[in-house]
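A short worksheet on the structure shown next.
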Amino acid sequence: MELALSDVRGHSLDLNGIGHAFGATVALDEINLTVAAGELIALLGPSGCGKTTMLQIIAGFLRPSKGEVRFDGARVEHIPANRRRIGMVFQNYALFPHLTVFENVAYGLRARKTANAEVTAKVEQMLGLIQMAAFARRLPGELSGGQQQRVALARALAIDPGLVLLDEPFSALDKNLRLDMQIEIKSLLKTFGVTSIIVTHDQEEALSMADRIVVLNKGRIEQIDSPDALYDRPASLFISSFIGHTNLLRGTVTETDRVLLDAGPEIDLGRSVQRRRGTPVTISVRPENIAFGTERPGAIPVTIRTTVPLGAVSVTEGVTTSGEAVKISQARAAGIAKAQAGETAWLAITDTSRVSIFSTPVDDFTKHQQRSV
Amino acid sequence: MVPAGTNASRQLLPVIPLAVLFLAAFVLPLAALVLVSLFRDPQFSGLSLVQYLRFISDPFSLKVLSDTLWLGAEVALAALVLAYPLALVYVASGPFMRTLITFLIMLPLLTSTVVRTFAWIVILGRDGIINSAMLSLGLWQAPARLLYTWEGMVLALTQIQLPLMALPVINSLLRLDGNLTRAAEGLGASRARIFLTVILPLTLPGAIAGWLLVFAAAATAFITQTLVGGGRIILMPSYIYQQAVGVQDWPFSAALSLIFTLAVTGIVFAVGALSRRYLRGVDAA
Ligand SMILES: Nc1ncnc2c1ncn2[C@@H]1O[C@H](COP(=O)(O)OP(=O)(O)O)[C@@H](O)[C@H]1O
Ligand SMILES: [Mg+2]
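Chain order of the listed sequences is A and B.
Just so we're aligned: the first sequence equals residues 1 to 373 in this note's numbering.
Just so we're aligned: the second sequence equals residues 374 to 658 in this note's numbering.
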């Protein structure tokens with residue numbers, strides 16, 4: 001809907017079968033991705049999963065070991081970085097420390113031998129957009145983190161790029177400023193109508209900014225989906241715990257639509273779990289999909305450990321008889337009696353259609369995650 | 374409780390040998406030099422500033438000083454021009470090539486100046502490597518005069534002093550954030566533009582440090598200047614030697630030494646101060 005305000009001028013991007021290895025380290029493997037012109041994509045994944053490598057391949061700083069990169073359908077692997085017209089915002093901003101804010105933003109225009117009057121006009125326009133006109137003569141070292149970041153973005157956008165790549169642009173900012181900058185930068189990118197890829201390891205950032213999210217894990221794409229779909233229908237156990245908070249409970253399939261939890265009750269999922277009877281499974285239940293209830297079939301008994309008020313919601317943590325930790329998130333306003341530590345409570349799953357089922361046993365998954373982070 | 378004074382003097386204890394050495398080998402000789410330079414004549418017959426006036430009013434002496442400073446500047450500039458490509462290759466290389474380049478750069482430092490200088494005499498001499506090669510290839514009709522020339526001297530000094538330039542330049546290139554050159558490239562800059570607008574300005578502190586080291590080393594390189602430059606090129610080190618040992622005019626040679634020392638250190642400090650003043654935003658190290 002915001003797109004309607006401006007015309008789309010970005011490239012479309014295709015990655016076909018991209019793979020990259022640094023010596024024996026495989027950083028990327030079989031990456032297939034299509035990004036529509038004007039789309040804002042988040043590339044989400046834990047540290048070391050290959051996000052920066054992927055951006056460097058798109059930007060042309062790195063030649064992929066295999067696969068194709070296409071802008072608007074045309075292959076570009078042979079085109080050097082300085083002829084790709086890509087606006088890149090680096091993790092550490094990489095502003096030229098010896099040049100003023102004005103000269104930083106002007107850099108790409110001067111490199112293109114733009115006439116002086118045009119350079120001045122364009123830089124002033126960009127500085128106006130990011131509300132930094134008063135800082136034109138400052139050096140980057142004399143700016144705050146948020147200001148440096150805005151300058152880095154203005155410098156990238158000044159060359160009218162077909163594609164903007166942002167590598168963890170908010171990681172150096174403190175939390176309050178981060179949200180402001182996310183909103184500001186998203187609206188700037190959308191106003192420009194430029195195709196953008198924003199790299200992050202922060203799932204909230206990805207959920208709040210992107211049209212679609214690409215989840216990367218160990219050099220492979222795990223899922224490409226809208227923020228809602230990713231949250232409600234995670235394709236893997238990795239994603240279900242990487243995106244938002246979740247509770248993982250072990251169990252065994254008893255009927256086509258039933259799972260007997262190690263924590264006690266048998267849960268009716270209201271749909272086929274598509275696994276054979278006796279298969280060990282892990283179900284993923286979001287904290288806000290659990291409510292306190294009474295003792296009845298399907299309710300999970302837990303011993304309350306602690307309750308933490310977090311602004312609008314309060315999160316209660318309990319532990320099941322099988323020793324699994326469970327978090328329950330409730331709106332605080334409701335006049336529910338606060339569960340006391342040490343008490344036994346009965347938990348009910350509010351909406352079983354939003355429970356995800358995976359085959360991987362929790363223990364293996366936890367180990368694997370610890371290794372990869 | 375140990376009294377504070379005792380504590381402080383204990384901390385100073387380890388520096389005492391160095392302080393004694395500094396006093397004996399630098400401060401005392403310098404003081405002696407100042408004293409000797411103030412005598413009116415070689416017979417030490419009275420104090421006066423006449424030696425300094427003699428230097429200032431003598432065009433020959435002034436020319437020797439300016440030639441010497443110019444030699445230092447020229448050698449340092451030549452070394453700078455050679456050091457950048459070398460440093461860029463070094464930074465772009467893998468671990469093996471880096472070790473090899475480091476070894477090649479350090480090699481001259483591991484041999485004595487006399488040996489290196491004689492190697493240049495062998496290369497540049499009338500029957501030296503260059504002349505015999507050019508003659509046998511038929512490119513030259515007669516042996517060219519390479520040894521005992523200004524250019525030969527600059528060449529030899531440049532090679533001999535190159536490590537002093539290459540090491541600081543490599544060091545500042547290594548500390549340059551790779552994302553800065555990538556940012557420039559992504560913004561459309563050519564290699565030449567990236568070098569001139571990003572790499573050079575940001576590695577200037579290292580380049581200036583190297584330039585000053587080579588400048589001072591080349592201007593004062595008595596052995597190489599004398600052996601490769603020959604007797605006809607008179608520069609401050611050989612001039613001082615000649616006045617002291619040849620003419621036995623100790624007061625004048627002492628004055629020459631002090632003037633030369635002041636000129637070299639003055640230039641080093643002036644260039645250092647100017648670069649700190651003008652390199653805004655570049656972190657000098
Ligand atoms: N220049 C390099 N040389 C060798 N290995 C590298 C290089 N760059 C990245 N890697 C490796 O490739 C993997 C992916 O790195 P990267 O793309 O930087 O991850 P991310 O940006 O997601 O944190 C990591 O295992 C990293 O160690
Ligand atoms: Mg990274």
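Each residue gets a CB set at the ideal place from its N, CA and C atoms; glycine is no exception.
Since this is a predicted model, take the numbers as computed values, not measurements.
Taking 8 angstroms as the threshold, find out whether the region 425 to 438 of chain B comes into contact with the region 601 to 613 of chain B through three or more Cβ pairs.
-> Touching, yes.
Would you report the Cα separation of Met-54 (chain A) and Ser-439 (chain B), rounded to the nearest angstrom?
-> Within the first sequence, numbered from 1, the residue matching residue 54 (chain A) stands at position 54. Within the second sequence, numbered from 1, the residue matching residue 439 (chain B) stands at position 66. Cα to Cα, the separation comes out at about 58 angstroms.
Please confirm whether Phe-399 (chain B) and Leu-629 (chain B) have their CB atoms less than 8 angstroms apart.
-> The residue you call residue 399 (chain B) lines up with position 26 of the second sequence. The residue you call residue 629 (chain B) lines up with position 256 of the second sequence. For the pair Phe-399 (chain B) and Leu-629 (chain B), the CB atoms are not nearer than the 8 angstroms cut-off.
Check each candidate in A:Ile-239, A:Pro-234, A:Phe-192 and name the one with the smallest Cα separation from His-201 (chain A).
-> Sequence index remark: in the first sequence, residue 201 (chain A) carries index 201 (1-based). The residue with the shortest Cα to Cα distance from His-201 (chain A) is A:Ile-239.
Assigned exposure category for Thr-282 (chain A) - 16 Cβ within 10 Å defines buried | On the first sequence, position 282 is the one that residue 282 (chain A) refers to. The residue is buried, with at least 16 neighbouring Cβ atoms inside 10 Å.
Which listed residue (A:Ala-94, A:Asp-72, A:Gln-91, A:Phe-96) has its alpha carbon closest to that of Arg-85 (chain A) | Numbered from 1 along the first sequence, position 85 holds the residue referred to as residue 85 (chain A). When only C-alpha atoms are compared, the closest one is A:Asp-72.
Going by the C-beta, is Thr-52 (chain A) closer than 7 angstroms to any heavy atom of ligand 2?
-> Within the first sequence, residue 52 (chain A) is the residue found at index 52, counting from 1. Checking the 7 angstroms criterion, the Cβ of Thr-52 (chain A) is within range of a heavy atom belonging to ligand 2.
Nearest-angstrom Cα distance between Leu-261 (chain A) and Ile-300 (chain A)?
-> Taking the first residue of the first sequence as position 1, residue 261 (chain A) is located at position 261. Taking the first residue of the first sequence as position 1, residue 300 (chain A) is located at position 300. Their Cα atoms are separated by approximately 9 angstroms.
Keeping to the same chain, check which residues put their C-beta closer than 7 angstroms to that of Val-26 (chain A); ignore five residues upstream and five downstream.
-> Residue mapping note: residue 26 (chain A) aligns to position 26 of the first sequence, counting from 1. The answer, listed in chain order, is Gly-219.
Closest to Gly-270 (chain A) by CA distance: which of A:Phe-242, A:Gln-125, A:Thr-256, A:Arg-277 is it?
-> The residue given as residue 270 (chain A) occupies position 270 in the first sequence. Checking every option, the nearest Cα to that of Gly-270 (chain A) belongs to A:Thr-256.
Starting from the Cα of Gly-162 (chain A), find the closest Cα among A:Glu-324, A:Val-355, A:Ala-345, A:Gly-10 and give me that residue.
-> As a first step, residue 162 (chain A) is located in the first sequence; it is residue number 162 there, counting from the start. Out of A:Glu-324, A:Val-355, A:Ala-345, A:Gly-10, A:Gly-10 has the C-alpha closest to the C-alpha of Gly-162 (chain A).
List the DSSP bridge partners of Gly-19 (chain A).
-> Taking the first sequence and counting its residues from 1, one reaches residue 19 (chain A) at position 19. Bridge partners of Gly-19 (chain A): A:Lys-66.
Under the three-state reduction of DSSP, which class applies to Tyr-93 (chain A): helix, strand or coil?
-> Start at 1 with the first residue of the first sequence, and residue 93 (chain A) comes out as number 93. Tyr-93 (chain A) falls in the strand class under three-state DSSP.
Ignore the nearest five residues each way along the sequence and tell me which others in Gly-50 (chain A)'s own chain have a CB closer than 7 angstroms to its CB.
-> Here residue 50 (chain A) corresponds to residue number 50 of the first sequence, with the count starting at 1. Only residues of its own chain outside the window of five on either side were considered, and among them Ala-27, Leu-28, Leu-216, Gly-219 have a CB closer than 7 angstroms to the CB of Gly-50 (chain A), listed in chain order.
Counting only the same chain and skipping the five closest in sequence on each side, list residues whose C-beta sits under 7 angstroms from that of Val-655 (chain B).
-> Along the second sequence, read from residue 1 onward, the residue named residue 655 (chain B) stands at position 282. Hits under 7 angstroms: Pro-574, Leu-575, Leu-577, Pro-578.
Is the CB of Ile-290 (chain A) under 8 angstroms away from at least one CB in chain B?
-> Position 290 of the first sequence, counted from the first residue, corresponds to residue 290 (chain A). Answer no: the Cβ-Cβ gap between Ile-290 (chain A) and chain B never drops below 8 angstroms.
For Ala-592 (chain B) versus Thr-441 (chain B), is the C-beta spacing smaller than 8 angstroms?
-> Translated into positions along the second sequence, residue 592 (chain B) becomes position 219. Translated into positions along the second sequence, residue 441 (chain B) becomes position 68. For the pair Ala-592 (chain B) and Thr-441 (chain B), the CB atoms are nearer than the 8 angstroms cut-off.
What residues in its chain sit with their C-beta under 8 angstroms from that of Thr-375 (chain A), if we drop five residues either side in the sequence?
-> Nothing about residue 375 (chain A) can be reported from this structure: the residues present for chain A run from 1 to 373 only.
Taking one C-beta from the region 408 to 418 of chain B and one from the region 488 to 497 of chain B each time, how about it: are there three or more such pairs within less than 8 angstroms?
-> Between the region 408 to 418 of chain B and the region 488 to 497 of chain B there are fewer than three inter-stretch CB-CB distances shorter than 8 angstroms, so the stretches are not counted as touching.
What number of angstroms, rounded off, separates the C-alpha of Arg-296 (chain A) from the C-alpha of Ile-290 (chain A)?
-> Taking the first sequence and counting its residues from 1, one reaches residue 296 (chain A) at position 296. Taking the first sequence and counting its residues from 1, one reaches residue 290 (chain A) at position 290. Roughly 15 angstroms separates the two Cα atoms.
Ranges of the beta strand (DSSP E) found wholly within the region 387 to 464 of chain B, counting only runs of at least 3 | DSSP assignment within the region 387 to 464 of chain B yields no whole beta strand (DSSP E) run of 3 residues or more.
DSSP three-state call for Gly-10 (chain A): helix, strand or coil?
-> Indexing the first sequence from 1 puts residue 10 (chain A) at position 10. Judged by DSSP in its simplified three-state form, Gly-10 (chain A) adopts coil rather than helix or strand.
Determine which residues share a DSSP beta bridge with Met-88 (chain A) and list them.
-> Along the first sequence, one-based indexing puts residue 88 (chain A) at 88. A:Leu-165.
If we ignore side chains and look at the alpha-carbon of each, how far apart do Ile-567 (chain B) and Ile-596 (chain B) end up?
-> Within the second sequence, numbered from 1, the residue matching residue 567 (chain B) stands at position 194. Within the second sequence, numbered from 1, the residue matching residue 596 (chain B) stands at position 223. Here the alpha carbons of Ile-596 (chain B) and Ile-567 (chain B) stand approximately 40 angstroms from one another.
Phe-90 (chain A): contacting residues in chain B (beta-carbon distance under 8 angstroms) | Position 90 of the first sequence, counting from 1, holds the residue named residue 90 (chain A). From the beta-carbon of Phe-90 (chain A), the residues of chain B found nearer than 8 angstroms are Asn-552, Arg-555, Ala-556.
Within the 8 angstroms Cβ cut-off, does Arg-566 (chain B) reach chain A?
-> Sequence index remark: in the second sequence, residue 566 (chain B) carries index 193 (1-based). At least one chain A Cβ lies under 8 angstroms of Arg-566 (chain B).
Examine chain A for any beta-carbon lying closer than 8 angstroms to the beta-carbon of Ala-657 (chain B), and answer yes or no.
-> For the purposes of this step, residue 657 (chain B) is taken as the residue at position 284 of the second sequence. For Ala-657 (chain B), the predicted structure reports a pLDDT of 47, less than 50, and the residue's modelled location is therefore unreliable. The matter cannot be settled from this model.
Please look up how many angstroms separate the CB atoms of Gly-17 (chain A) and Gly-67 (chain A), rounded, as I've assumed it's under 8 angstroms.
-> Position 17 of the first sequence, counting from 1, holds the residue named residue 17 (chain A). Position 67 of the first sequence, counting from 1, holds the residue named residue 67 (chain A). Their Cβ separation, rounded to whole angstroms, is 4 angstroms, which keeps Gly-17 (chain A) and Gly-67 (chain A) in contact under 8 angstroms.
Counting only runs that start and end within the region 135 to 212 of chain A, where is the alpha helix (DSSP H) found for 4 or more residues in a row?
-> For the region 135 to 212 of chain A, whole alpha helix (DSSP H) runs of length 4 or above, ordered along the chain, are 145 to 157, 175 to 192, 203 to 209.
For Asp-167 (chain A), is the beta carbon positioned less than 7 angstroms from some heavy atom of ligand 2?
-> Here residue 167 (chain A) is taken as the residue at index 167 of the first sequence, counted from 1. Under cutoff, so the answer is yes.
How about Gly-311 (chain A) and Ile-267 (chain A): are their beta carbons less than 8 angstroms apart?
-> Sequence index remark: in the first sequence, residue 311 (chain A) carries index 311 (1-based). Sequence index remark: in the first sequence, residue 267 (chain A) carries index 267 (1-based). No, the Cβ-Cβ distance between Gly-311 (chain A) and Ile-267 (chain A) is not below 8 angstroms.
Ala-27 (chain A) Cβ short of 7 angstroms to ligand 1 heavy atom set = Within the first sequence, the letter at position 27 stands for residue 27 (chain A). Yes.
Using a cut-off of 9 angstroms between C-beta atoms, extract the partners of Leu-575 (chain B) located in chain A.
-> The residue given as residue 575 (chain B) occupies position 202 in the second sequence. Simply Phe-96, Pro-97, His-98.
Between Tyr-107 (chain A) and chain B, is there a C-beta pair that is closer than 8 angstroms?
-> What you label residue 107 (chain A) is simply residue 107 of the first sequence in a count that begins at 1. Tyr-107 (chain A) counts as touching chain B.
Since Ile-86 (chain A) meets chain B, which of its residues come closer than 7 angstroms, beta carbon to beta carbon?
-> For the purposes of this step, residue 86 (chain A) is taken as the residue at position 86 of the first sequence. Per Cβ cutoff of 7 angstroms: Gly-559.
Do we get a CB-CB distance below 8 angstroms when we pair Asn-82 (chain A) with the residues of chain B?
-> The residue given as residue 82 (chain A) occupies position 82 in the first sequence. For Asn-82 (chain A), the answer is yes, since a Cβ of chain B falls inside 8 angstroms of its Cβ.
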